[in-house]
Amino acid sequence: MIVRILLSSFLFAAAFPAQANDPLGVADTLISDWEDWMAKHAIPAGSIIVSHNGTVIGEGGIARSVDDPAKIASLSKAITAVCALRALDQAGKDVQTPLSEAIPAALAEHAPRDNRFAEITVAQLITHASGIDTDYHRNELSKLRTFKVENKLWQFSKIANENLSGTPAWAPYRYSNANYLVLGLVIEELAEENYEAYCRREVLVPTGVTSAQLNPDWRVMTSWGGWEISARDYLAFAEQTFTGENNPLRPAGFSLPASDLGRGRGYSAGMIFRPSNGSFTSWHLGSWTGVRGRVADSFGAYVALYDNGYAVMTNYANDAWENEINGELDSLLYNATHP
11 MIVRILLSSF
21 LFAAAFPAQA
31 NDPLGVADTL
41 ISDWEDWMAK
51 HAIPAGSIIV
61 SHNGTVIGEG
71 GIARSVDDPA
81 KIASLSKAIT
91 AVCALRALDQ
101 AGKDVQTPLS
111 EAIPAALAEH
121 APRDNRFAEI
131 TVAQLITHAS
141 GIDTDYHRNE
151 LSKLRTFKVE
161 NKLWQFSKIA
171 NENLSGTPAW
181 APYRYSNANY
191 LVLGLVIEEL
201 AEENYEAYCR
211 REVLVPTGVT
221 SAQLNPDWRV
231 MTSWGGWEIS
241 ARDYLAFAEQ
251 TFTGENNPLR
261 PAGFSLPASD
271 LGRGRGYSAG
281 MIFRPSNGSF
291 TSWHLGSWTG
301 VRGRVADSFG
311 AYVALYDNGY
321 AVMTNYANDA
331 WENEINGELD
341 SLLYNATHP
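For any residue, its number in the numbering used here is found by taking its place in the sequence shown, counting from 1, and adding 10.
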């Protein structure tokens, strides 16, 4: 089943046919190209929603609507980052708070092999520049998949048992899910509350999100990849958080540290961004393939907030990263929104 909705009136469409450089024409082209991409790669289900200057102008879906909750993998990281900032603020702390102050209980229960671990700051976790250089989520997948609960401390024990790749203050950018696993513990220790309940109340509900929860099968991915949320709700969260005056990634004097990814790009708070023309574009991919019991599971999601006012959120029942098709998706979304 394919569902496509362009949010325009009959009279408007009749009097002014959508052109390629008009928002409605852009939405029509984008959704059509997305449907072709889905068909090309035999992706059985997904949804997409498009907005312009904060107003939804189009939505579509294949065996899934934009209001159906879907797993978003690493797009969970933006939720976690914003939630961590909220917990820090409420605790009277800032992003330069070291783990020795942020998670003393976890450090006491699982003493790190590397003494420098306690020096890592929340800012370094948020920007993947902590010196944590581990693929525990891949190497330990056979064990990880057996859990039906979050088990943050078990995951932390694996991370803490490895040496850092360098001194935290000088560590380079290295994308690792482990950074955001630790951020989940930071949130729980500072807030003295369950990660999911706290983030839903403090971050998601205020942006109008009602569909979000940790996915029952993959809640073990918790703060680094465990959320499920509808495309409509995630777009609302992303636009309200990463656009406008309160955006923590604003080009004019960043309120957050950022890792330099080269070519004018930065990473912070679960988003890649590039300042341009007095504004900026920010985006992120979520992608996962794994097995839970005897059930294969593969899912992905992509969000992009462009410097020209367009924003897109899509989710799909396939792992675009592993299948090397995310580049096609990135290009088609950008090209359609920049006629």
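By construction, the Cβ of each residue, glycine as well, lies at the ideal position given by its N, Cα and C atoms.
Remember, predicted model here, so these are calculated numbers, not experimental data.
{"Asked": "One or two residues paired with L40 in a DSSP bridge", "Found": "Paired residues: none, contrary to the question."}
{"Asked": "As assigned by DSSP and simplified to three states, the class of T232", "Found": "helix"}
{"Asked": "Identity of the residue in Q250, R210, F252 nearest E238 by Cα", "Found": "R210"}
{"Asked": "Stretch pair the stretch 130-144 + the stretch 185-193: three plus CB contacts closer than 8 Å", "Found": "yes"}
{"Asked": "Where Y320 sits in the DSSP three-state scheme", "Found": "strand"}
{"Asked": "Cβ shell of K81 (< 7 Å), same chain only, five flanking positions each side left out", "Found": "N225, W228, E238, F309"}
{"Asked": "Sub-8 Å separation of T291 and A246 beta-carbons", "Found": "no"}
{"Asked": "Per DSSP, cross-strand counterpart(s) of K81", "Found": "E238"}
{"Asked": "Cβ distance (whole Å) where A327 is taken to contact P54 below 8 Å", "Found": "5 Å"}
{"Asked": "Which listed residue (S289, Y185, G280, E203) has its alpha carbon closest to that of V313", "Found": "G280"}
{"Asked": "Proximity below 8 Å, CB of V36 to CB of V132", "Found": "no"}
{"Asked": "Nearest-angstrom beta carbon gap, P114 and E129 [assumed within contact, 8 Å]", "Found": "No, E129 and P114 are not in contact; Cβ-Cβ is about 13 Å, not under 8 Å."}
{"Asked": "Selection from L200, A88, E334 that minimises the alpha carbon distance to H294", "Found": "A88"}
{"Asked": "C-alpha distance - S221 paired with G68, whole-angstrom precision", "Found": "20 Å"}
{"Asked": "C-alpha gap between A311 and T299, whole angstroms", "Found": "12 Å"}
{"Asked": "Simplified DSSP state of D99, which is helix, strand or coil", "Found": "helix"}
{"Asked": "Cα-Cα separation between K103 and A201, rounded to whole angstroms", "Found": "12 Å"}
{"Asked": "Range covered by the alpha helix (DSSP H) that runs through D143", "Found": "Segment: none, D143 is in no alpha helix (DSSP H) and carries neither H nor E."}
{"Asked": "Extent of the continuous beta strand (DSSP E) to which L109 belongs", "Found": "First-last for L109: 109-112, but that is the alpha helix (DSSP H), not the beta strand (DSSP E)."}
{"Asked": "Cα-Cα separation between L193 and L163, rounded to whole angstroms", "Found": "12 Å"}
{"Asked": "A73 versus F166 - alpha carbon distance", "Found": "37 Å"}
{"Asked": "Bridge-paired residues (DSSP) for L224", "Found": "W237"}
{"Asked": "Contact under 8 Å by Cβ, V105 with P267", "Found": "yes"}
{"Asked": "Same chain, Cβ closer than 6 Å to E198, five either side skipped, listed in chain order", "Found": "Y205"}
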